[in-house]
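S.K.: Quick note on numbering: the sequence shown equals residues 157 to 260 in our numbering.
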Amino acid sequence: SNASEPAAEVSQHAKANSFPFKVYKDAGNQVADRFGAQVTPEAFVIDKVGTVRYHGYIDDSRNAANIKVRGLKNALDAVLSGQSVANAQTKAFGCTIKREKKAS
């Protein structure tokens, strides 16, 4: 999440969009920094041993009517069935993540 987004706003956005999963505020951009996230939304599928198996977009279009590839769903399906992810790296698109300023 962006440094400027309060946790309550992040939670409200998730509720308003009926996300079927928990959403957390990435305080200090620790998770984004660990995995190199640059934009929001940007998806990562990490297996049980900590290996990044997919990194990229959720879907190939923001417009539901134009979606041809569901990158995140395809990656999750592959990992959960013990297969390799066919297209493990895609270009995520969205707004640049605004990082918190680090103390000097």
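We put the beta carbon where it would ideally sit given N, CA and C, even for glycine.
Going straight from the alpha carbon of N158 to that of Q245, what length do you get?
M.R.: Here residue 158 refers to the residue found at position 2 when the sequence shown is read from its first residue. Here residue 245 refers to the residue found at position 89 when the sequence shown is read from its first residue. Distance between the alpha carbons of N158 and Q245 is about 23 Å.
S.K.: Measuring alpha carbon to alpha carbon, tell me which of D233, Y213, L232, G250 ends up nearest K224.
M.R.: The residue given as residue 224 occupies position 68 in the sequence shown. The shortest C-alpha to C-alpha distance from K224 to any of D233, Y213, L232, G250 is the one to Y213.
S.K.: For E198, count the other beta carbons within 10 Å of its own beta carbon; 16 or more makes it buried, fewer makes it exposed. Which is it?
M.R.: The sequence position of residue 198 within the sequence shown is 42, counting from 1. So E198 ends up on the buried side.
S.K.: For F177 and A259, what's the separation of their Cα atoms in angstroms?
M.R.: Indexing the sequence shown from 1 puts residue 177 at position 21. Indexing the sequence shown from 1 puts residue 259 at position 103. The straight-line gap from Cα to Cα measures roughly 33 Å.
S.K.: Alpha carbons only, please: which of C251, V241, N222 is nearest the one belonging to T207?
M.R.: Here residue 207 is taken as the residue at index 51 of the sequence shown, counted from 1. Checking every option, the nearest Cα to that of T207 belongs to V241.
S.K.: Are A231 and V201 close, meaning C-beta to C-beta below 8 Å?
M.R.: The residue labelled residue 231 in the question sits at position 75 within the sequence shown. The residue labelled residue 201 in the question sits at position 45 within the sequence shown. Cβ atoms of A231 and V201: closer than 8 Å.
S.K.: Looking only at its own chain, which residues have a Cβ that is under 8 Å from the Cβ of H169, when we skip the five neighbours before and after it?
M.R.: Position 13 of the sequence shown, counting from 1, holds the residue named residue 169. Answer for H169: V179, listed in chain order.
S.K.: Across which residues does DSSP place K212 in a beta bridge pair?
M.R.: Residue numbering aside, residue 212 sits at position 56 when the sequence shown is read from its first letter. As written in the sequence, residue 212 is Gly, which differs from the Lys given in the question. DSSP, once it has assigned bridges, lists A199 as partnering G212.
S.K.: Please work out which residues of its chain come closer than 6 Å, Cβ to Cβ, to S248, disregarding the five sequence neighbours upstream and downstream, and give them in chain order.
M.R.: Your numbering for residue 248 matches position 92 in the sequence shown. Residue identity differs from the one stated: residue 248 is Ala in this sequence, not Ser. These residues qualify, in order along the chain: V195, E198, G212, Y213.
S.K.: Report yes if the C-beta distance between D215 and R209 is below 8 Å; otherwise report no.
M.R.: Within the sequence shown, the letter at position 59 stands for residue 215. Within the sequence shown, the letter at position 53 stands for residue 209. No, these two residues do not count as a Cβ contact at 8 Å.
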